Amino acid sequence: MGKSSRKWITHYSSSHDILLVGEGNFSFSACLASAFGTATNVVATSLDSEETLLRKYGSDIKTTLEELKELGCSVMHGVDVMTMSQHPLLCHTLFDRIVFNFPHAGFQYSRDKSSKLHQNLVRRFLRNAKELFVENGEIHITHKTATAPSLLDYAALSSL
């Protein structure tokens, strides 16, 4: 893709190969696809199955997924960030950007136990992600600041 046709939205370019993991309602994927006008450079994944997503988000998710596929996005369900480097469709692909927005391991436990689960999730995600990005690639994690994930020391977790 030539520089003149390259489109940017914050840290992401239409010339980057982008892996989005842990997508919920796929709104971030849809935002990138809309901004780029295409999503052929995007792989968007969720831990949930498509059926589970339909139960959680209703018919809106079906529309979003159809739009993503029409724009060339590769959509994958049932992808666990803690083992994704072994996934048969991902293990031979390298990405310029790997993005995990709002990682969480659930909130059904005490704050201490939830914090440990979140730490394990992020640590294992980072171990797997480092196997899937190009030299000088980037891993982006977005997190909330008002809940248990804000207690994580992401810098310490990233020094694997």
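To convert, note that position 134 of the sequence shown is 128 in the numbering used here; the numbers rise steadily by one, no gaps. We put the beta carbon where it would ideally sit given N, CA and C, even for glycine. Because the structure is a prediction, the values reported are computed rather than measured.
Buried versus exposed, by CB contacts within 10 Å (16 or more), residue i
i, result
"proline 97", "buried"
"asparagine 114", "exposed"
"leucine 59", "buried"
"asparagine 122", "buried"
"serine 53", "exposed"
"serine 104", "exposed"
Closer than 7 angstroms: residue i CB and nearest the ligand SAM heavy atom
i, result
"histidine 98", "Inclusion of the ligand SAM in the displayed structure is not the case, the ligand content being empty and no account of it being possible."
Test item: CB-CB of residue i and residue j under 8 angstroms
i, j, result
"alanine 38", "valine 69", "yes"
"alanine 99", "leucine 111", "yes"
"lysine 1", "alanine 33", "no"
"valine 73", "leucine 41", "yes"
"serine 79", "glutamate 125", "yes"
"histidine 5", "aspartate 90", "no"
"arginine 133", "phenylalanine 127", "The sequence shown places isoleucine at residue 133, not arginine. Yes. Within cutoff."
"glutamate 44", "histidine 71", "yes"
"asparagine 35", "serine 8", "yes"
Residue i versus the options, residue with shortest Cα-Cα distance
i, options, result
"valine 15", "Lys1, Met76, His86, Ile3", "Met76"
"serine 20", "Thr136, Asn130, Asp106, Ile55", "The displayed chain sequence assigns phenylalanine, not serine, to residue 20. Selected option, being the one with the closest Cα: Ile55."
"leucine 120", "Val93, Thr58, Thr46, Arg105", "Val93"
"histidine 137", "Leu84, Asn95, Cys85, Val116", "Asn95"
"glycine 66", "Ile12, Lys107, His81, Glu129", "Ile12"
"leucine 26", "Glu61, Asn122, Asp106, Lys107", "Glu61"
Length at least 3, wholly inside the stretch 51 to 111: the beta strand (DSSP E) runs in chain order: 68 to 71, 89 to 95, all fully within the stretch 51 to 111.
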